[in-house]
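Below: one structure, written as structure tokens.
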Amino acid sequence: MKEEINFTPSCPFPFEQYPTIVMAHGGGGRLMKRLLDEMVIPTLNAGAISEMHDAAVIGCPSGHRIAMTTDSFVVNPLQFPGGDIGCLSIYGTVNDLAMAGARPAYLSLGLIIEEGLEMKTLWRFLESMRNAAEECGVRIVTGDTKVVDRGKGDGLYVNTAGLGFVPENIDVRPHRIQIGDAVLVSGDLGRHGIAIMAQREGLSFDTTIESDCATLHKHVQALLDENIDIHCLRDLTRGGLSSALNELATATDLCIDLDETTIPVAGEVRAACELLGLDPLYVACEGRFAAFMPAAQAEQAKQILQTLSPMIQPQIIGKVAAEGVAPVILHNAFGGQRVLDMLSGEQLPRIC
Amino acid sequence: MRYIDEYRDADKVKQLAAAIKKITTREHRLMEVCGGQTHSIVKYGLDQIIPDQIELIHGPGCPVCVTPMEILDQAIALAARADVIFCSFGDMLRVPGSEKDLLSVKAEGGDVRIVYSPLDAVKLAKLHPDKQIVFLAVGFETTAPANALSVIQAEQLGLENYSLLISHVLVPPAIEALMTSSDCRVQGFLSAGHVCAVMGYEEYRPIVEKYKVPIVVTGFEPLDILQGIYLCVKQLEEGRAELENQYTRVVSEAGNRPAQEIIKKVFTVSARKWRGIGEIPNSGFGLSETYSQFDAAKRFDLSAVRTKEDNECISGLIMQGIKKPHECPAFGIRCTPEKPLGAPMVSSEGACSAYYRYRKS
């Protein structure tokens, strides 16, 4: 799992002078320049950003295509078991690039900070971002900072955009999914959503459920390095497994048959879902993906992922079929079956 | 997961399904009263593994579905007030009122909060003395004790800014109303286990005797439901009509006495309107005279609230088991979870939502 954030009490910015963010930190003047020069840029170890130009100019290796993505992070609480908004904002965008078969390379970083956020807190999240970026091998090359009035933001919102490079021979877009493909999930489901909900609602369980937030590009790279013919990848974020598979089944006009007994969900996540009346197949992950590949390679792919992360239980959970009564069908151990529909709105806790 | 996995054991499920098949010689129509049971049946495909001769009719036991539109409109009106923090279980937020739902009120600036317990609403009342905290107290006998407790707590804390908007309903009068209906097709009931956990099951005996109908107190896991079906079918096959308890690990004959005491202290039995069904005498709870100052319907002037029901929704027929969700012409076309005509399509215990979510047909 992830390393602890290296928090040392040596913030480069003078806390005693500005213990919290004030509106002037976003005003474009000297105070903002100091915030960037003395805190944001050195903490993030930002590369081309230090040129302080309006845009970063970067090169593209020949024989590659560019993958580009963006994501905004509005998580509440900002810090949760297993992660925080800092690492989440890096992993999230890096993972989106990885799902396109790209090698993640560069990120932009937009910070929308609420007036009154403690400087120490901001710094801690910046450190978390730096550690995550280093782990992923990406550089933050441009950015933007805005400060909004107190009460108009949840402390900190982050947007990251990412650029990555896709080698010529890699194509993992949905159109490559074929009848007979195996569906593999990279690990157990639902940890992130339950960790956040437990923290937000003050629910405590015997064991603390940690978010699964983590980078996925190493897993994808490991599969590609071993010549697994990945047909398609999708990370299982909002809407969980169900939304991801429904989107792909609908896009390809194929049916996905799942064996419910093989879908990995940790005992504590299942228990929390039972208590709250939630279905773990709809709960968000931040470090899991589904991969489609020829059935003959699925077991090997599972072994590769297992070796890379022994703790997270990759599983082959189903296969792609030509047609069915609905895009995604779940077969249970009793011989019954049901439709796994896309989430409507958001899951709401039940009355009784 | 202990206490869950045991009741979802695939081999035992198959054995029990085979046992039901063995004793079934003719057609039977059973009603599972509770919406939680309906969802289990459809989610696990239990109706697919029992003999075709057994029809499961889905009952009215969904608190969201039976809450009358008037209450929802009143809730929406209260939630829109600047001086109110409106608290509700999450389930109620997407249920359509005459014009909008509580989620829309929230988006328009109303302070609407999802709570997991009415006691959380009492905490909010303590935290915000300048606001009126209204809790939408819906549900069957299962939610009544906690709702009653919240009133007692508010009284003890001297909170004058806490109130309940009540739509509490009771299972036995609903079963009786069904039995007296000329459309009734039900030959046996799987009664709602968690309601009986609170109330016990003695109050069902007069119904069994009067209408000569088997009632089996039943749980919610696949094995519970199949065992409930087995016991009920066995009675029908043998020509018996008795009160049985399948859910012995949770339900005792007397029920939860302290919970009953709290209910008795705070609530009195009153007539209640059921959405889609109409008013049923003595079928719900209202606040007793002693606690009437905690009644939101009395604290606020709600006389201006007007209700307009959609005529196309046949939820009343669905909840009486006269029609199945997919037999509604609007099902899945003009009525979906995103744009529901009635509550059974949005509630996590609604029969229409179960069919839409797990069957699509």
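Residue numbers (the numbering used here), protein chains in the order written: chain A, 1 to 352; chain C, 1001 to 1361. Even for Gly, the Cβ is constructed at its ideal location relative to N, Cα and C. Note that this is a predicted model, so its numbers are computed, not measured.
The beta-bridge partner set that DSSP reports for Y1162(C) consists of I1133(C). Contact check between the segment 1266-1277 of chain C and the segment 1163-1171 of chain C: three or more CB pairs, one atom from each, fall below 8 Å, which counts as touching. Residues of the segment 1312-1340 of chain C with a C-beta atom less than 7 Å from some C-beta of chain A are P1337 and E1338, listed in chain order. For the set Q337(A), N169(A), H53(A) and T43(A), the Cα lying nearest the Cα of S62(A) is the one of N169(A).
By the rule that beta-carbons nearer than 9 Å mark a contact, A1010(C) touches chain A. Here the segment 213-222 of chain A lies against the segment 296-313 of chain A, with 3 or more beta-carbon pairs under 8 Å apart. Annotation: F1331(C) to P1325(C) spans about 7 Å, alpha carbon to alpha carbon. Taking C-beta atoms as the reference points, G287(A) and R191(A) count as a pair closer than 9 Å. F1294(C) carries a helical assignment under DSSP once its states are collapsed to helix, strand and coil. For S62(A), the nearest beta carbon of chain C is not closer than 9 Å to its own beta carbon. DSSP lists S108(A) as the beta-bridge partner residues of T142(A). Selection L163(A), G82(A) and W123(A) evaluated against S108(A) yields L163(A) as nearest (Cα-Cα). Chain A places a beta carbon closer than 9 Å to that of P1222(C), counting this residue as a contact. R200(A) and I194(A) have their C-alpha atoms roughly 10 Å apart.
The alpha carbon of L223(A) has as its nearest neighbour, out of Y18(A), I316(A) and I304(A), the alpha carbon of I304(A).
For K1273(C), the enclosing beta strand (DSSP E) has its first and last residue at F1267 to W1274. Residue pairing by DSSP places Q315(A) opposite V185(A) in a beta bridge. A buried status is given to M1092(C), since no fewer than 16 other beta-carbon atoms sit within 10 Å of its beta-carbon. In this structure, the alpha-carbon of G83(A) lies about 23 Å from that of D279(A). Using a Cβ-Cβ cut-off of 9 Å, L1127(C) does not count as an interface residue toward chain A, since no Cβ of chain A sits closer than that to its own. The alpha-carbon of R338(A) is positioned some 26 Å away from that of G1188(C). For V328(A), same chain residues with a beta-carbon under 6 Å away, outside a window of 5 residues either side, are L245, N246, A249, I256 and L340 in chain order. For E247(A), no CB of chain C lies under 9 Å from its own CB, so it is not counted at the interface with that chain. Taking a Cβ-Cβ cut-off of 9 Å, the neighbours of I1049(C) in chain A comprise F334, G335 and G336, given in sequence order. Annotated three-state conformation of C1062(C) is coil, per DSSP. Closer than 9 Å to the CB of S243(A) there is not a single CB belonging to chain C.
Non-local C-beta neighbours of R1275(C) in its own chain, meaning closer than 7 Å and more than five positions away in sequence, comprise C1065, V1066, T1067, P1068, M1069, S1315 and A1343, ordered along the chain. Rounded to whole angstroms, the separation of the alpha carbons of T69(A) and Q315(A) is 28 Å. The C-beta of S1182(C) comes no closer than 9 Å to any C-beta of chain A. Nearest Cα to T237(A) within the set E135(A), A284(A) and T93(A): A284(A). By the Cβ-count criterion, T208(A) is exposed, with fewer than 16 other Cβ atoms from all chains shown falling within 10 Å of its own Cβ.
Taking 9 Å as the cut-off, the Cβ atoms of L1341(C) and Y1007(C) do not count as close. Among the residues of the segment 1038-1062 of chain C, those with a Cβ less than 8 Å away from any Cβ of chain A are V1042, K1043, Y1044, G1045, L1046, Q1048 and I1049, in the order of the chain.
Taking a Cβ-Cβ cut-off of 9 Å, the neighbours of I1004(C) in chain A comprise R270, A271 and E274, given in sequence order. Short of 8 Å from the beta carbon of E1279(C), and not among the five residues preceding or following it, lie these beta carbons of its own chain, in chain order: A1271, R1272 and K1273.
Contact annotation for R1081(C) against chain A: no contact, minimum CB-CB distance about 21 Å [criterion: below 8 Å].
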